[in-house]
Amino acid sequence: MSDQIGVTLERTAYRPGEQLTGKAGWQLSDTPKKAHIRLFWKTSGKGTVDLKILEDRKIDAPQAAQLLDFAFALPDDPYSFEGHLITLRWGVEVVVGKATDCAWFELGPDGHTCRIGATTAR
Amino acid sequence: MRQTVFIPAHRNPFRSERVEALTYRETDLTPADIIATCRLAHHGRGALTGPKGSGKTTLLLEIARALETQGKTPLLIRLNETNRHIDWQALREQTPLCSALLVDGAEQLGLISWWRRRWLVRGVPLLIITTHGSGRLPTLHRHRTTPELLTALVDELLADVPAGMVIPSRDALPSLFNHHGGDIRQCLRALYDQV
Amino acid sequence: MQFKHRAGRQASGTAGKVFTSIFGLVFGSIGLSFAIVVLVGLRQTVQMKSWVVSDCVIEAAEVHDADEDYQFTVRYRYEYEGSRYIGTRYTSTDDYRFESIATKQELLTAYDPGTTARCFVNPDNPSQAVLKRETSLLPGVGSVLFASIFVIIGYGMIVVTWWPRRPPVTQATTETGGTAGRRIGLLFCSVFILIGLVIPYFAFVKPLQRQRAARRWIPVEAEVLKSAVRSHRGDDSTTYSVYIAYRYEIDGIPYEGDRYRFSSSSSSGHAEKAEIVRQHPVGSRITVYVDPADSAESVVQREAGASLYLGLIPVVFAVFGFLFLIIMLRAAPASTAGHTAGGTMTRQRNRAKEKIPPAVRRSGSRVGAFFLMLFISIFWNGIVSVFLMSTIKEWQSDQRPVFSTLFLTPFVLAGLGLIGAAFHFLLKIFSPVAELEPMTDSLSLGKSSVLRFRIRGNVQRITQLTITLTAREEATYSRGTNTYTDRHVFLEQTRLKTMDPKQMASGEITVNIPPGTMHSFEAPHNKIVWSLKVSGTISHWPDLNDEFILNVNPREVQS
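Chains as they are written, first to last, in our numbering: chain A, 38 to 159; chain B, 914 to 1108; chain C, 11 to 569.
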């Protein structure tokens, strides 16, 4: 049986300061030594990637198969945005041993990513 | 001004993380070969030389990965125009713990600094550096770039782009290669804006 | 619109370093050799302080007319601890030479054969004696200090060039750099001012004063004793001056003088000086002007001549020095432009708590840019001028140095370009300056804010003023050994465009930050930068281009 891991969020769009909730689960052949759930943002695009982990929650005594709920209080900024050179995306990552999964979500005052590069590209 | 379909940065096939994920391609040369040559022929000291954007850093990173898979603990130091300094004292304390030291962009150190300080890391069994010119350590591999290499890399980056995306013409790649003097990295950066 | 530029330090390769080092080495070594020569002299002066005063009898004293100057030879007899000695030295140097005929008279009067004079005897070696010893250490010490400035700058350049550079870790480091730059600037200004005041004082003010006083001097007939063109060898060329020595009598007392003009400047051009000398052969009678208050003071030409005004040229240095001093003292300290990676991240988290000014001028010192360009320009043109002068001389002497002229042309053109660039930056210093003052504590998305602007300086010269709100993405890519920054403007709004000087001088602009866009953001490699650009077109002058970085906060949440 191959290892399975997954993370899901209740919603994919949030407003600043809201509570983010979701579920993380895994089924592994061996009992993992470490398990983490992380809230982060990451840039992508023409520049070197910037990444910031805002919260790194360690799961005590992780089991080989586990399903758990989590909640993070979201900060006010930075907003999710998509530009010509930079995209900033928010995500929640679950890391159990060598297995990982990630769920992306949008953070913004209107609950969606703002597109700033949509004017003239060249 | 050309009005184009807006491609957000994280969908651009030439975005930095994809370019950095490209592997060094020279069929007859593997990272393991380089490590072995360095150990056997050059007493564990060697340099990867070549012009800017010719893949030295990429190969060095692959060497780091290859060393890790061999169970070694390589220490990688990356120097560039904004970070030209090595904390030699801290390095001296760390070197007994690592089995290989990899220095990217050694030309940033300046010749005097290099010759003055390299003895500090004499205890490291393997030292591989990347540098533009030769002379600091025996050359393990001299990097060269060709328009064909650029085309192959672009093909790889564009292999999985969604249909409908405006992609640069392959025919224009040789002139782009010439325009940037064979600097593959600059070519790929220019292509970012052509999507 | 897409802007690209290469960020980070401009590549200062090994060639540049070697070049700087050679320059530093030459510069420092000149200072060092000068200091050593002076120190050796100082050592002798200190040693001579312990020499014993003794009486001596002058046996012979003569002044010989050498081609270019006068040579004093003397012979005297002295006793020390019962032994007799003969001395031939006037000062510590073997061969004492001087240029002025006044000195000749002084020496011959003081050391008339048969008279008793005072000499100084070396107690360790009584056969060594001099008639005159240096007593003051001050000039020597001053010269050593002056030379050490060259040594420090020259060798300092080498050290700074090769010293491994640490990345700025904290903002404090950056500011220290700024202060150091200011200090160097102040030093430069002081040296400029000093040079620009001292040289014209001796080369212009003093001769002019004398010239004015000499209007009352009385004409007296004199006989030419010596008439020659004296040459003065410089580093790269030889200059010439007229030397005429003469004798005249006042109330039966003979006097000798050798002042042709009050300004003692020498210049290139041999022919016209030779002509003057030819007109005043030895033995001819000329009219000289004598000070009625002091008959020993005389001059051939009371009028200073146009060359006197050459002495005013160094005033340019003083003017520049003063200007920069004023500008530097007036200029605000470097603005808070740079944040470190760590600082940036903290700032992101504590945006609400921290007090960040809503608008900050983008740093970039006009004075600094000018100084840099001036230094490069002086350095470049200084070297080129040496070769240029010799080529010009070759042309003047009917040679045809075509190849060296062709070879030199691009270098001269580059030098002229550098002078032009320095001049451009100089003009830019005096361009009007924009000031911006936000009327609110903070700027936010979806909020309209009022900002007050003011143009300092002569606003009448601006033909059109434009104030533009822009927002851009800035992505920095570091890979390998290079760092590149790309910019992409995603919002551009013209907030003011006017040709009316009254509207330009000061006013208020309203900035509406659209709600559905991105706030200011700063990560180590990726940024969203909001700014207000103030640009003014000035005819025949560098344009006004000031940028203010705005700190646009996320939308204010109604609670």
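Built from N, CA and C at the ideal position, the CB exists for glycine as well.
Beta-carbon proximity list for Trp127 (chain A), same chain, < 6 Å, skipping 5 on both sides: Trp78, Ser117, Phe142 and Leu144
Going along the chain, which residues of its own chain have a beta-carbon closer than 6 Å to the beta-carbon of Gly353 (chain C), five neighbours each way excluded? Interpretation of Gly353 (chain C) is limited by its pLDDT of 28, a score under 50 that renders its predicted location unreliable; the figure taken from the coordinates is listed afterwards. Answer for Gly353 (chain C): no residue qualifies.
Between the Cα of Ile386 (chain C) and those of C:Gly430, C:Phe417 and C:Phe413, spot the shortest distance and give me the residue it belongs to. C:Gly430
Contact defined as beta carbons within less than 8 Å: I believe Thr486 (chain C) pairs with His535 (chain C). What is the distance between those atoms, to the nearest angstrom? 4 Å
Below 7 Å, is the gap between the Cβ of Ala1085 (chain B) and the nearest heavy atom of the ligand FMN? Of ligands this structure carries none, so the ligand FMN is not represented either.
Cα-Cα separation between Cys129 (chain C) and Ser64 (chain C), rounded to whole angstroms: 5 Å
Please classify Glu259 (chain C) as buried or exposed, where buried requires at least 16 other C-beta atoms within 10 Å of its C-beta. exposed
For Ala98 (chain A), which three-state DSSP category applies? coil
Which first and last residues belong to the alpha helix (DSSP H) in which Cys1011 (chain B) is found? Here Cys1011 (chain B) belongs to no alpha helix (DSSP H), and DSSP marks it neither H nor E.
Do you know offhand how far Val239 (chain C)'s Cα is from Arg87 (chain C)'s? Their Cα atoms are separated by approximately 38 Å.
Of all the CB atoms in chain B, is at least one closer than 8 Å to the CB of Ser488 (chain C)? yes
DSSP three-state call for Gly526 (chain C): helix, strand or coil? coil
Measure from the C-beta of Tyr494 (chain C) to each C-beta in chain B and report whether the shortest distance is under 8 Å. yes
For Ala351 (chain C), decide whether its Cβ has a neighbour in chain B, counting only Cβ atoms nearer than 8 Å. Because the pLDDT of Ala351 (chain C) is 29, which lies under 50, any placement of that residue in the model is unreliable, and the number read from its coordinates should be weighed accordingly. No, because no Cβ of chain B sits closer than 8 Å to the Cβ of Ala351 (chain C).
Proximal residues to Ala108 (chain A) (C-beta, below 7 Å), its chain only, five neighbours per side dropped: Answer for Ala108 (chain A): Gln56, Leu57 and Thr58, listed in chain order.
Output, in chain order, the set of chain B residues within a Cβ distance shorter than 9 Å of Lys83 (chain A). Ala922, Asn925, Phe927, Arg928, Ser929, Arg1102, Tyr1105 and Asp1106
When DSSP labels each residue in this structure, what does Gly348 (chain C) get in the three-state scheme? Low confidence applies to Gly348 (chain C): its pLDDT is 31, below 50, so where it sits in the model is not reliable, and the reading given next is rough at best. Reduced to three states, the DSSP call for Gly348 (chain C) is coil.
Hey, out of C:Trp540, C:Cys199 and C:Ile163, whose CA is closest to Ile337 (chain C)'s CA? In terms of CA proximity to Ile337 (chain C), C:Cys199 leads the group C:Trp540, C:Cys199 and C:Ile163.
Every unbroken beta strand (DSSP E) inside the region 422-478 of chain C [3 residues or more]: Counting only runs of 3 or more, we get 443-448 and 458-466.
Can you grab the Cα-Cα spacing for the pair Gly150 (chain C) / Met58 (chain C), in whole Å? Looking at the two C-alpha atoms, the distance is approximately 14 Å.
Is the distance from the Cβ of Thr962 (chain B) to the Cβ of Ser1047 (chain B) below 8 Å? Cβ distance < 8 Å, so Thr962 (chain B) and Ser1047 (chain B) count as in contact.
Could you tell me the alpha carbon to alpha carbon distance between Leu989 (chain B) and Thr936 (chain B), rounded to whole angstroms? 18 Å
Using a Cβ distance threshold of 8 Å, determine whether the region 428-444 of chain C contacts the region 376-392 of chain C, with at least three qualifying pairs required. yes
Quick one: residues in its chain with C-beta nearer than 6 Å to the C-beta of Gly134 (chain A), no 5 flanking neighbours on either side, listed in chain order? Pro69
Using a Cβ-Cβ cut-off of 8 Å, state whether Thr49 (chain A) counts as contacting chain B. no
Sorted by chain position, which residues of the same chain lie with C-beta nearer than 8 Å to Asn925 (chain B)'s C-beta, five sequence neighbours on each side aside? When the five nearest sequence neighbours on each side are left out, the beta carbons in the same chain lying within less than 8 Å of the beta carbon of Asn925 (chain B) are those of Tyr1105 and Val1108, in order along the chain.
Interface residues of the region 1025-1058 of chain B facing chain C [CB-CB below 7 Å]: Ile1025 and Ser1026
Three-state secondary structure (DSSP) at Trp405 (chain C)? helix
Glu89 (chain C) lies in the beta strand (DSSP E); which residues open and close that run? Tyr80 to Tyr90
Under 7 Å from the C-beta of Thr124 (chain A): neighbouring residues of chain B: Pro921, Ala922 and His923
Let me check one thing: in DSSP terms, what residues is Trp63 (chain A) bridge-paired to? A:Ile42 and A:Gln103
Cut-off 6 Å between Cβ atoms - residues of its own chain near Gly456 (chain C), not counting five sequence neighbours on either side: Pro525 and Arg565
Minimum C-alpha distance to Gly41 (chain C) - residue among C:Lys236, C:Ser153, C:Gln406 and C:Arg85: Nearest neighbour of Gly41 (chain C) by Cα position, chosen from C:Lys236, C:Ser153, C:Gln406 and C:Arg85, turns out to be C:Ser153.
Rounded straight-line distance, which links the Cα of Val1067 (chain B) to that of Cys1100 (chain B): 10 Å
CB contact flag (Thr1008 (chain B), Leu1014 (chain B), <8 Å): Thr1008 (chain B) places its beta carbon less than 8 Å from that of Leu1014 (chain B).
Using only CA atoms, which one of C:Gly124, C:Thr478 and C:Ile548 lies nearest to Thr621 (chain C)? In the structure displayed, chain C extends from 11 to 569; residue 621 (chain C) sits before or after that span and is not available.
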